[in-house]
Structure formats: C-alpha cells, structure tokens
Amino acid sequence: MAEEVHNFDPKYDDYDFPTTSPEARSGHPGHTTPEQDAKVFQLRTMLEQEGYTERLDTLTLLRFLRARKFVVEAAKTMFIESEKWRKEFGTDELVDTFNYVEKPKVFEYYPQYYHKTDNDGRPVYIEKLGKIDLTAMYKITTGERMLSNLVCEYEKLTDPRLPACSRKAGKLLETCCTIMDLKGVGITSVSSVYGYVRQASAISQNYYPERLGKLYLINAPWGFSTAFSAVKSFLDPVTVEKIHILGSGYQSELLAQVPRENLPVEFGGTCNCEGGCELSDAGPWQEPEWTRPPKRAAKSKSEQEKVTPAAPEDAPAAAEDAPATATA
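Quick note on our numbering: the sequence shown kicks off at -14 and runs consecutively.
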C-alpha cells in the first residue's frame, strides 16, 4: 500500500483505516491540490465559527466540497442544511435505538439490503423495486419508519461498513455498488411509490453526498434507456458515468463487477446465505478481523461517562449549580 500523505487536522482526523482513494481523481483523498486543501481548511474554519464541532474531519468535508464542485460557500450551505436535518430527524439517537422488527415482512414487498462486496471491495447494496406494494406495506409499517430504517442503514454504511471494507481492501472506500432490480416495474406502479422514492432520493443526495460508486439498473423495461437518455443531459457527467442500464441479459456485465460467490443466486451468482441473503447483512463489517465498534458508539459511551461519573457511595451530593470538570 502506498504511503499515506495528507494535510490532516489531528483535532478531527482520527482514522483507523486507509485514507488514500484508489481513484486518482482530483479532489479525492490523497489526490488533492494545495488549493483544495486550503478550501478544506477554509470550510472547516467557517463551520467552527458557526459553532459546529462534529463531522468536521477531512474526508467528510472533501465529500461535501466535491458535491459542490469545491465552491466553499455552497459546500458550507449544504453541510449546515445536513446538520439541521440530522438534528430534526434525530439521526444520532435513532441509529442506536431504532429497531426495525417488521423488516422480514416489509422485505416481502420491498427488499433493500447490503450484501457482501464487489470486485473493488465496496459494499453491494440491492433494491428490488418490482415487488413494491405500498398499500400492503403500510399495513405492516409506516413511511416514516421506512425512512428511519433507510437513514440507519446510511449511518451504518458510513460506520462500520465502509471502514471495515477499507481495512480489508487496504485502500480507502467511500462509495457502494448499487443494484436496482426493475423486474416487474410498470408505468402504473410508478405513481404509487413516487412519493417515498423521492423522499429517499432527497436524503441520499442532500445529506449523504458522494456515496454512489456504481449503479446497475437491471431488468430495465423496454423504452427505459430511451427515457433515461432524455434526462441524461440534465445530470452531472460524473453521475452519468456511474450508471449502467441493463435489460434481462445483465448477468455478464454485473458479474464483471461483483464476484459470483458474492452475488445472490437470483441474480446469477452462487451465494445462498442461510436464512436468505436479504436478511444476512453479510460482509466485512460482520468479520471480526476487519470491523471495529462504530466511533459514534464509543463517543456516546464517553459522553455518558462524563455526564454521569461513578461516585463513591459515601460521597456528598454535588450542588446542582456546581461547575462540572471534564478532561478533553
């Protein structure tokens, strides 16, 4: 592995996985210019002045800057809007408390899951859109709980999934490989799911930028490619480059990206996890050699210890207005 060279800030940059991107693209970690490094510093300084102290590490700020073409003011606005949303949605608390007990039943109508890795070592994310039946699903769950589950999975993608994959691959991995199965999707079903899909897409684009590595749309119905071509000109060329629209004969191209043993049998692979691939959550993040406790969990425990320190039974009760002391 190449030597890691970065202008990191020790106050915020505490990584225990590789931090050089395998893609030698401008603005990606390990491939930044002095001007881009200066913009990271500028963005962090501006956010600190606004009172922000979380998620100011270099890798995160670079993602927001890339998403806004390194226009610092635009990246700052995007970051602040993201933090506002996180607070309103309760993201930090949700990820450790949310229990999606209805997942097996919901997956009968809308499977969405991470499963092993592609040839680049990235997590593979799979959605089967053709089975969506919101009427049936809303008898089991609610749209709010579906979005809560989506957010929790994005948080787990950030940590522990991507760090574990980075350790195993020996290189920084910041994106995932997405497979969206369109089999059974018809024009009549589009309107019924549009509201949820629109909300889910907005969360992805606005609050978790630069997480898409490759997108394979398989079993695309006739005319889909033509329709996509009509809107392609409105999309960022970098995004368009990541999208592959495939019909029913998708297996050879998909298997060129995902190892056969990592791909579920129904998509042409050989994987058949006990209990079903959809519910296995198999991947490096489940392997003790590569995974670590999420940093948010360690941080939460540390904060609890600071707030409620253990005291001797015979110690006098502290006055409510006494100043608390804590070590940094």
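Even for Gly, the Cβ is constructed at its ideal location relative to N, Cα and C.
ASP118 is positioned such that its CB atom lies closer than 8 Å to that of TYR94. Contact between THR160 and ARG107 holds, since their C-beta atoms are separated by about 6 Å, short of 8 Å. LEU44 places its beta carbon less than 8 Å from that of PRO14. Per DSSP, reduced to three states, the secondary structure at TYR123 is coil, with no helix or strand assignment. Ranked by Cα distance from LEU231, the options LEU46, THR211, SER237 and ALA205 are led by ALA205. C-alpha of MET165 to C-alpha of LYS199: approximately 11 Å in a straight line. Under the three-pair Cβ rule at 8 Å, the region -1 to 6 counts as touching the region 146 to 161. The beta strand (DSSP E) runs of length 3 or more contained entirely in the region 216 to 291 are, from start to end of the chain, 228 to 230. THR17 and GLY268 have their C-alpha atoms roughly 30 Å apart. Collapsing the DSSP output to three states places TYR(-3) in coil.
Residue state for GLY180 is assigned as helix, using DSSP reduced to three classes. For CYS137, no pairing in a beta bridge is given by DSSP. Straight through space, the alpha carbons of SER233 and LEU114 are spaced by roughly 15 Å. By the Cβ-count criterion, ASP144 is buried, with 16 or more other Cβ atoms from all chains shown falling within 10 Å of its own Cβ. Ranked by Cα distance from VAL91, the first of PRO279, ASP105, THR82 and LEU132 is LEU132. Between ARG146 and the set GLU58, PRO273, TYR(-3) and GLY12, the nearest pair of CA atoms involves PRO273. Excluding residues up to 5 positions away in sequence, LEU50, PHE55 and VAL57 lie with their Cβ nearer than 7 Å to the Cβ of LYS24 in the same chain. Closest option to PHE83, judged by alpha-carbon separation, among TRP70, HIS100 and GLU140: GLU140. In the DSSP annotation of this structure, the continuous segment of the alpha helix (DSSP H) that includes LEU147 starts and ends at 147 to 154. Under DSSP, VAL109 shares a beta bridge with CYS162. Ranked by how close their Cα comes to the Cα of GLY12, the residues PHE26, THR211 and LEU47 have LEU47 in first place. Rounded to whole angstroms, the Cβ separation of ASN247 and SER67 is 31 Å, and the two are not in contact under 8 Å.
In the displayed model, GLY208 falls within coil according to three-state DSSP, outside both helix and strand. Within the DSSP secondary-structure output, LYS199 pairs in a beta bridge with CYS162. In the DSSP assignment, the residues bridged to GLN97 are GLU112.
For the pair CYS162 and GLN242, the CB atoms are nearer than the 8 Å cut-off. Excluding residues up to 5 positions away in sequence, LEU79, VAL80 and PHE83 lie with their Cβ nearer than 7 Å to the Cβ of CYS137 in the same chain. LEU41 is a Cβ neighbour of ARG29, given a cutoff of 8 Å.
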